[in-house]
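Visitor: In the working numbering, the protein residues as written are 27 to 120.
Yeah, the Cβ is synthetic: ideal placement off N, Cα and C, and Gly gets one too.
Every value quoted in this text rests on a predicted model; they were computed, and no experiment measured them.
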């Protein structure tokens, strides 16, 4: 009788352990798939961001070059205007 009770307990314990093992195994597989997918998505996003940063840097350099060219043009125009004003003042004095 005692051995039969122990056998029933062990069988019940074995069934519980199997159920826990199956749940754990399922969780591990699901977790692995989710984490792998998240890593892949993160790597793709990283590549997209790197490409965007490269494009943004190129655009910034283009805009800086245009700004510098425009500032040079403004400075030349101001110098020409100053020179013209000076020349007119001399002509008006004569």
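Can you tell me which of the three DSSP states residue 66 falls into?
Guide: In the chain shown, the residue the question calls residue 66 occupies position 40. Three-state DSSP puts residue 66 in a helix.
Visitor: Alpha carbon to alpha carbon, how far is residue 115 from residue 81?
Guide: Taking the first residue of the chain shown as position 1, residue 115 is located at position 89. Taking the first residue of the chain shown as position 1, residue 81 is located at position 55. Rounded to the nearest angstrom, the two C-alpha atoms are 51 Å apart.
Visitor: Compute the Euclidean distance between the alpha carbons of residue 104 and residue 90, then round it to the nearest angstrom.
Guide: Here residue 104 corresponds to residue number 78 of the chain shown, with the count starting at 1. Here residue 90 corresponds to residue number 64 of the chain shown, with the count starting at 1. Their backbone Cα atoms lie some 21 Å apart in a straight line.
Visitor: Could you give the DSSP three-state label for residue 59: helix, strand or coil?
Guide: Translated into positions along the chain shown, residue 59 becomes position 33. Looking at residue 59 - three-state DSSP - the assignment turns out to be helix.
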